[in-house]
């Protein structure tokens, strides 16, 4: 499990170094996750220990929301002052996400239904 967590943290660190070194507007962990995905795609999938470690981490994913909840309570006054822009951005981003997901699903389902050429 330590090796798998180390692997995850190395990719996060690599992403952070790339993001800060190139002054990219993308967060380092997102770049690291994309690099990890590429490495796993080239390798043919995750090893068993990485898969088990990821499963354990996903089981405790709710613990990651504690800092966000604390931040909300800490800045409650500011959020109550700016509730309308927050509400609009939350509703708009949710609708955009639903629309993009629906379009991607439609595209992929049509692509799957196309007849394939056999050699």
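In this note's numbering, the protein residues as written are 6 to 124. Note that beta-carbon positions come from the ideal geometry of N, C-alpha and C, so glycine has one too.
Consult DSSP for residue i and reduce its assignment to one of helix, strand or coil.
i, result
"residue 21", "helix"
"residue 9", "helix"
"residue 51", "coil"
"residue 32", "coil"
In terms of residue numbering, what span does the alpha helix (DSSP H) encompassing residue i cover?
i, result
"residue 101", "88-118"
"residue 28", "Here residue 28 belongs to no alpha helix (DSSP H), and DSSP marks it neither H nor E."
"residue 79", "71-79"
Leaving out the 5 sequence neighbours to the left and right, which residues in its chain are closer than 6 Å to residue i when beta-carbon positions are compared?
i, result
"residue 17", "34 and 37"
Taking 8 Å as the threshold (C-beta atoms), are residue j and residue i in contact?
i, j, result
"residue 58", "residue 6", "yes"
"residue 95", "residue 84", "no"
"residue 19", "residue 40", "yes"
"residue 32", "residue 43", "no"
With 8 Å as the threshold, decide whether the Cβ of residue i is near any Cβ in chain D.
i, result
"residue 70", "Protein chain content of the structure displayed is limited to a single chain, and chain D is not contained in it."
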